[in-house]
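Worksheet for the structure shown next.
Chains as they are written, first to last, in the working numbering: chain A, 7 to 293; chain B, 7 to 293.
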């Protein structure tokens, strides 16, 4: 396993972590200041800055992208199917322009939450079927653009509204069906927050293998967790055995960035430099 | 599938649902008033009333027990192993005295949360191994007492603190290992709140079969969910396809009570009779 204790060359910042503290330019500058090599921006931040300017600023700061957040929300009123695919194709195009290795996909679930205004449904099986259809279609486009699609299994507490692919096993079943050749075009974004609890985690990481591990997101699970969405912990403050799981990933040949992604009211209230300094410290000590 | 639209003879009340509104005697009286046939009390409520008095009051009101809540919290400081097993044996004895068909088990997870004061650990694999050991030991005792043990897979959002058995598959793996003969002494409490999201739910219900389905708990998953523990929804107010899943259970031969179990600040604030009346209405219309 790589030794992270002496440097943070494999640390990447997901810009969600500090989105309340400043715009993308501010975050890029902070990353450069703290010696980050990787960044993973969100689409709305890139749009606010302008795609070309964002790409130039990221390159100018010497940053690589570890991913691009996010595509998905595949389920909708059937009349909006074209809107969904167009939106996701634009995400792929933006990722290509930014030089991102992958688009992270939060696939959506019941259509009224995935694309508000869609008629309400409780049929999660139908949502799962639809997700696979749209993913298959998007994959054709992403292959041509040479941008990988990183399917992110989401914690089951988001199964109704954010994503209906909730286990590594389910995500890998989809990957094996749509990309049986393990081409590298389709794989997983493995976020510890979503998968740490899974009794099959080690086994499914082994099943994923190097070709299917496209992104690795770290944070921690707090006890108690006070909010379903916005109470993730900084690495080391919770109960996840981060190094044990990273070891499983690296045993498969994963050698990419560890991307810090927090949704946290607590950390959004801290100064930008405090957050980045803490990320670096914890990356070295507990990741 | 049974038709629940015309009566509520298969409705049971888990006393957690109205625990803030009154003591066990008050709840028993309310159940009788609203024509419930089933009840599932919690240990602390029984203890407050006295075991013999509680048993007499429940029988006197013409109520059957659909279960007894709850045993478990198996993980602890090793020095407290005897305390854990003694506590759970008492739960079995109480269940026998009350005439409960099963003790529902919330198995615990990291020891510092399962039995406060135990030294902190992040090793969920160790917790899972320990749960299986204690369960095996308790099963010997429960068999003699002729009380079944109903292992309750908990939603993964409780994996750190309340229970480290988080999927039907995992729970059934444990059952198959400890009770390969499918004797009826060990099975599942299937609570929709915990398992509704599972893409393998139908398949694992089929695997469970009639012998392993010991209890069926109903409520609903709200979007948004505002609190991890105390924001369950009344049946029909959320996104769970209750009838579809009940149909899967009944296809295996399940013909027991549908036990309403809400942990809900909203419903704890309503008058007792309002809650029970609503349970009856929703049982008839959406369960």
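Yeah, the Cβ is synthetic: ideal placement off N, Cα and C, and Gly gets one too.
{"Query": "Between the C-alpha atoms of residue 78 of chain A and residue 276 of chain B, what's the straight-line distance to the nearest angstrom?", "Result": "40 Å"}
{"Query": "Cα separation between residue 155 of chain A and residue 127 of chain A?", "Result": "27 Å"}
{"Query": "Would a check of beta-carbon distances place residue 162 of chain B closer than 8 Å to chain A?", "Result": "yes"}
{"Query": "Would you list, in chain order, the members of the segment 203 to 217 of chain B that have their beta-carbon closer than 7 Å to a beta-carbon of chain A?", "Result": "203, 205"}
{"Query": "For the alpha helix (DSSP H) that residue 94 of chain A lies in, which residues bound it at each end?", "Result": "87 to 104"}
{"Query": "For residue 20 of chain A, write down the residues that DSSP places opposite it in a beta bridge.", "Result": "A:46"}
{"Query": "Can you give the beta carbon distance from residue 191 of chain A to residue 145 of chain A, rounded, assuming they're within the 8 Å contact cut?", "Result": "6 Å"}
{"Query": "Should residue 31 of chain B and residue 55 of chain B be called a contact, given that it needs their Cβ atoms to be closer than 8 Å?", "Result": "yes"}
{"Query": "Is it a yes or a no for the segment 123 to 143 of chain B touching the segment 95 to 109 of chain B, going by three-plus beta-carbon pairs under 8 Å?", "Result": "no"}
{"Query": "If the cut is a Cβ gap below 9 Å, which residues of chain A does residue 172 of chain B touch?", "Result": "162, 203, 204, 205"}
{"Query": "Looking at the secondary structure, which residues open and close the beta strand (DSSP E) in which residue 196 of chain A lies?", "Result": "192 to 197"}
{"Query": "Hey, residue 26 of chain B and residue 203 of chain B: beta-carbon distance below 8 Å or not?", "Result": "no"}
{"Query": "Verify the CB distance criterion: does residue 177 of chain A have a CB-CB separation below 8 Å to chain B?", "Result": "no"}
{"Query": "Less than 8 Å between the beta carbons of residue 46 of chain A and residue 85 of chain A, yes or no?", "Result": "no"}
{"Query": "Determine the burial state of residue 41 of chain B: buried for a count of at least 16 other Cβ atoms within 10 Å of its Cβ, exposed for fewer.", "Result": "exposed"}
{"Query": "In angstroms with no decimal places, state the Cα-to-Cα distance between residue 37 of chain A and residue 134 of chain A.", "Result": "37 Å"}
{"Query": "Quick one: is residue 267 of chain A buried, meaning 16 or more other Cβ sit within 10 Å of its Cβ, or exposed?", "Result": "buried"}
{"Query": "Does the segment 116 to 125 of chain B come into contact with the segment 237 to 244 of chain B, if we say contact requires no fewer than three beta-carbon pairs (one atom in each stretch) closer than 8 Å?", "Result": "no"}
{"Query": "For the segment 119 to 141 of chain A, which residues have a beta carbon sitting closer than 8 Å to at least one beta carbon of chain B?", "Result": "119, 128, 129, 130, 134"}
{"Query": "What do you get for residue 280 of chain B, buried or exposed, if any count of 16 or more other CB atoms within 10 angstroms of its CB means buried?", "Result": "exposed"}
{"Query": "Can you give me the C-alpha to C-alpha distance between residue 9 of chain B and residue 153 of chain A, rounded to a whole angstrom?", "Result": "52 Å"}
{"Query": "Given residue 286 of chain A, which residues of its chain have a CB within under 7 Å of its CB, disregarding the five upstream and five downstream residues?", "Result": "14, 17, 40"}
{"Query": "Any chance the segment 111 to 118 of chain B sits against the segment 160 to 178 of chain B, with 3 or more Cβ pairs inside 8 Å?", "Result": "yes"}
{"Query": "Spell out the partners DSSP gives residue 222 of chain B in its beta bridges.", "Result": "B:196"}
{"Query": "Is the CB of residue 274 of chain B under 8 Å away from at least one CB in chain A?", "Result": "no"}
{"Query": "In three-state DSSP terms, what is residue 215 of chain B?", "Result": "helix"}
{"Query": "If you drop the 5 nearest sequence neighbours on each side, which residues of the same chain put their C-beta closer than 8 Å to that of residue 68 of chain A?", "Result": "38, 43"}
{"Query": "Taking the Cβ atom as the reference point for each residue, do residue 137 of chain B and residue 81 of chain B lie within a distance shorter than 8 Å?", "Result": "yes"}
{"Query": "With distances taken from CA atoms, which of B:232, B:228, B:255, B:262 is nearest residue 246 of chain B?", "Result": "B:228"}
{"Query": "Check whether the Cβ atoms of residue 265 of chain B and residue 223 of chain B sit closer than 8 Å, and answer yes or no.", "Result": "yes"}
{"Query": "By DSSP, does residue 184 of chain A sit in helix, in strand, or in coil?", "Result": "helix"}
{"Query": "Closest Cβ-Cβ distance between residue 245 of chain B and chain A: below 8 Å?", "Result": "yes"}
{"Query": "Out of A:282, A:207, A:218, A:195, state which residue places its alpha-carbon closest to the alpha-carbon of residue 183 of chain A.", "Result": "A:218"}
{"Query": "How many whole angstroms separate the CB atoms of residue 251 of chain B and residue 293 of chain B, which I take to be in contact at a CB cut-off of 8 Å?", "Result": "Not a contact, Cβ separation roughly 10 Å."}
{"Query": "When DSSP builds the beta bridges, which residues end up paired with residue 335 of chain A?", "Result": "Here chain A comprises residues numbered 7 to 293, so residue 335 of chain A is not present and cannot be evaluated."}
{"Query": "Per DSSP, what are the beta-bridge partners of residue 287 of chain A in this structure?", "Result": "Answer by DSSP bridge pairing: none, since residue 287 of chain A is not bridged."}
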